[in-house]
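Peer 1: Just so we're aligned, residue 1 is where the sequence shown starts under my numbering, counting upward by one. We put the beta carbon where it would ideally sit given N, CA and C, even for glycine. Just so you know, these numbers come straight off a predicted model, no measurement behind them.
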Amino acid sequence: MGRGKMSPGHRRRLVGGLLSLAAVAVFSAPVASQDGERTVWVSVLDKDGVPVDGLGPGDFVVEEDGEAREVLRVGPASTAMQVAVLVDTSSAAQSVIPDIRGGLASLVAELHQDHEIALVAFGQRPQILVESTRQLERLENGIGRIFAFPSSAAYLLDALVETARGFERRESSRPVIVVVATDGIDYSNRDARQTLDALGEAGVATHVLLLRDNANLGLRNEPALADTLRERDMALSQGPDRTGGRRRDLLMGRAFTSALRELAVMLSSQYEVVYSRPARLIPPDEITVRMRQDELTAYGAPAKHTGD
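1. Apply the 10 Å Cβ neighbour rule to Phe256 and answer buried if 16 or more other Cβ atoms are within range, or exposed otherwise.
2. Using the Cα positions of Thr306 and Arg170, report the straight-line distance between them to the nearest angstrom.
3. Suppose you measure from the CA of Thr288 to the CA of Ser276; what does that come to, to the nearest Å?
4. Are the CB atoms of Gly184 and Asp285 nearer to each other than 9 Å?
5. In angstroms with no decimal places, state the Cα-to-Cα distance between Thr39 and Gly166.
6. Mind checking Pro240: buried by the 16 CB within 10 Å criterion, or exposed?
7. Distance check for Gly66 and Leu129, CA to CA, integer angstroms please.
8. Of the residues Lys47, Leu260, Ala77, which one's Cα is nearest the Cα of Leu250?
9. Between Ala235 and Leu160, which are expected to be in contact by the criterion C-beta below 8 Å, what is the C-beta distance as a whole number of angstroms?
10. Do three or more CB pairs link the stretch 54-70 to the stretch 97-115 at distances below 8 Å?
11. Where do the N-terminal and C-terminal ends of the alpha helix (DSSP H) with Arg165 fall, by residue?
12. I need the DSSP call for Arg13, collapsed to helix, strand or coil.
13. Between Gly253 and the rest of its own chain, which residues show a CB-CB distance below 7 Å, the 5 nearest in sequence each way excluded?
14. Gly123: buried (16+ other C-beta within 10 angstroms of its C-beta) or exposed?
15. Using CA atoms only, rank isn't needed, just tell me which of Glu162, Gly200, Arg290 is closest to Asp190.
16. Run the CB neighbour count on Ile282, radius 10 Å, all protein chains shown included, and call it buried at 16 or more, exposed below.
17. Mind checking Ala303: buried by the 16 CB within 10 Å criterion, or exposed?
18. Kindly identify the DSSP beta-bridge partner or partners of Leu250.
Next comes the structure, spelled out in C-alpha cells:
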C-alpha cells in the first residue's frame with residue numbers, strides 16, 4: 001500500500017510499510033500534541049483474514065518518527081464506535097441490492113448493541129435513511145428501504161465529505177465510515193483532495209467494499225466522465241490507506257454478503273493499544289504500529305483527544 005501525501009503541515013500521519021519479520025499497520029489520522037498516554041484502535045488479522053484475540057503489549061511495536069514508544073496496555077476496545085454505512089443506490093447497483101441488504105443485516109446484527117449505526121444512500125444524491133441509532137428495528141427497516149434509483153448516478157465523494165463533516169461537528173470519539181459501492185458513474189461535486197482532507201480532519205477510519213465487475217468499463221473512455229471517475233478512484237484508493245481502514249475489491253455481487261459480515265467481526269474485535277508519549281513540543285509526523293509476528297496484519301487509527 002502506498003503512502004499518499006497530504007498537504008504539508010495539514011495533518012499528522014500514521015504510516016507503515018512491510019518490514020522484515022513484522023506486519024505493519026498503514027494508516028493516517030489527526031494526532032494531538034498533548035503529552036502522556038496515547039491510544040490507537042487496532043484490528044489484527046491472521047493470514048486468512050480472521051481476527052486474532054489474546055494479544056498483549058509484547059505483541060505490538062509502536063514508533064513515533066522512528067523512535068520506539070513503550071506499549072503500556074492492550075485490551076479489547078471499549079469505546080463505542082459511531083458507524084456510518086454509505087450505500088450505493090445508483091442504477092449500477094440494481095442487480096446487487098439483495099446481496100447488499102443481506103450483508104448489511106449481518107453487519108447491524110453484529111454491531112448494533114454496542115455501537116451507533118447510521119445508513120446513508122448516495123444514489124441521485126446523499127440521503128440519510130436512518131439516523132445514528134442502536135435500535136435494531138429501525139436499522140432493519142432502513143435496510144428494507146434500500147433500492148436502486150433508475151437511470152441515476154452515484155454521488156459517493158459528496159456523501160463522504162458530508163458524512164465526515166457531520167462526524168467532526170458532533171465531535172465523534174470513534175468515527176467509522178463503511179462504503180458499499182459499485183464501479184458505476186459518479187457525478188460528485190467534490191474531488192479526491194477535498195474528500196481526503198475531510199476524512200483526515202474528522203479522523204474517521206474509512207473502509208471500502210467496491211464491486212469491480214467491469215460492467216461500466218467503457219464509460220472510462222468518455223471524456224465527460226473520465227475525470228470524475230478518476231477522482232472517485234483516487235479517493236477510494238487513498239482513503240482507507242490514510243485513515244486506518246481497509247479496502248476490498250469484490251468480483252461478484254454476492255460477495256457483499258460475506259464481506260460485510262467479516263468487516264463487522266473485524267470492527268467488533270479491535271484492540272485498544274495504549275502507549276506512552278514523552279514530553280515534546282511538536283507532535284510526531286509519523287506513527288507506526290507493527291506486529292511482531294510476520295503472519296499478522298494490523299489496521300487501525302488513533303483515538304481522538306481534546307484538541308485533535
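Peer 2: Inspection of the coordinates gives the following:
1. Numbered from its first residue, the sequence shown carries residue 256 at position 256. When all chains shown are included, Phe256 counts as buried.
2. The sequence position of residue 306 within the sequence shown is 306, counting from 1. The sequence position of residue 170 within the sequence shown is 170, counting from 1. In this predicted model, Thr306 has a pLDDT of only 44, less than 50, meaning its place in the structure is not dependable; the value taken from the coordinates is given anyway. In a straight line, the C-alpha of Thr306 is about 13 Å away from that of Arg170.
3. Your numbering for residue 288 matches position 288 in the sequence shown. Your numbering for residue 276 matches position 276 in the sequence shown. The alpha-carbon separation between Thr288 and Ser276 amounts to approximately 14 Å.
4. As a first step, residue 184 must be located in the sequence shown, where it is residue number 184. As a first step, residue 285 must be located in the sequence shown, where it is residue number 285. Cβ atoms of Gly184 and Asp285: not closer than 9 Å.
5. As a first step, residue 39 is located in the sequence shown; it is residue number 39 there, counting from the start. As a first step, residue 166 is located in the sequence shown; it is residue number 166 there, counting from the start. One C-alpha to the other measures close to 23 Å.
6. The residue given as residue 240 occupies position 240 in the sequence shown. In the assembly as shown, Pro240 is a buried residue. Its beta-carbon has 16 or more other beta-carbons within 10 Å.
7. Taking the first residue of the sequence shown as 1, we reach residue 129 at position 129. Taking the first residue of the sequence shown as 1, we reach residue 66 at position 66. Near 44 Å, if we compare the C-alpha coordinates of Gly66 and Leu129.
8. Walking along the sequence shown from the start, residue 250 turns up at place 250. Checked all of Lys47, Leu260, Ala77; the closest Cα to Leu250 is Leu260.
9. Here residue 235 refers to the residue found at position 235 when the sequence shown is read from its first residue. Here residue 160 refers to the residue found at position 160 when the sequence shown is read from its first residue. Correct: roughly 7 Å between the Cβ atoms.
10. No, they do not touch.
11. By one-based count along the sequence shown, residue 165 stands at place 165. 156-170 is the extent of the alpha helix (DSSP H) around Arg165.
12. Position 13 of the sequence shown, counted from the start, is the residue given in the question as residue 13. With a pLDDT of 35 at Arg13, under the threshold of 50, the predicted position of this residue should be treated as unreliable, though the coordinate-derived value follows. The answer is strand: DSSP assigns Arg13 an E or B state.
13. By one-based count along the sequence shown, residue 253 stands at place 253. Once the five neighbours on either side are set aside, the close Cβ partners of Gly253 are Ser95, Val96, Asp99, Leu211.
14. For the purposes of this step, residue 123 is taken as the residue at position 123 of the sequence shown. Classification for Gly123: buried.
15. Position 190 of the sequence shown holds residue 190. Sequence inspection shows Arg at residue 190; the Asp mentioned does not correspond to that position. Comparing alpha-carbon positions, the option among Glu162, Gly200, Arg290 lying closest to Arg190 turns out to be Glu162.
16. Locating residue 282 in the sequence shown gives position 282, where the first residue counts as 1. Classification of Ile282: exposed, given that the 10 Å Cβ count is below 16.
17. The count along the sequence shown starts at 1 and reaches residue 303 at position 303. Ala303 comes out buried.
18. Residue mapping note: residue 250 aligns to position 250 of the sequence shown, counting from 1. For Leu250, the pairing in a beta bridge is given by DSSP as Leu211.
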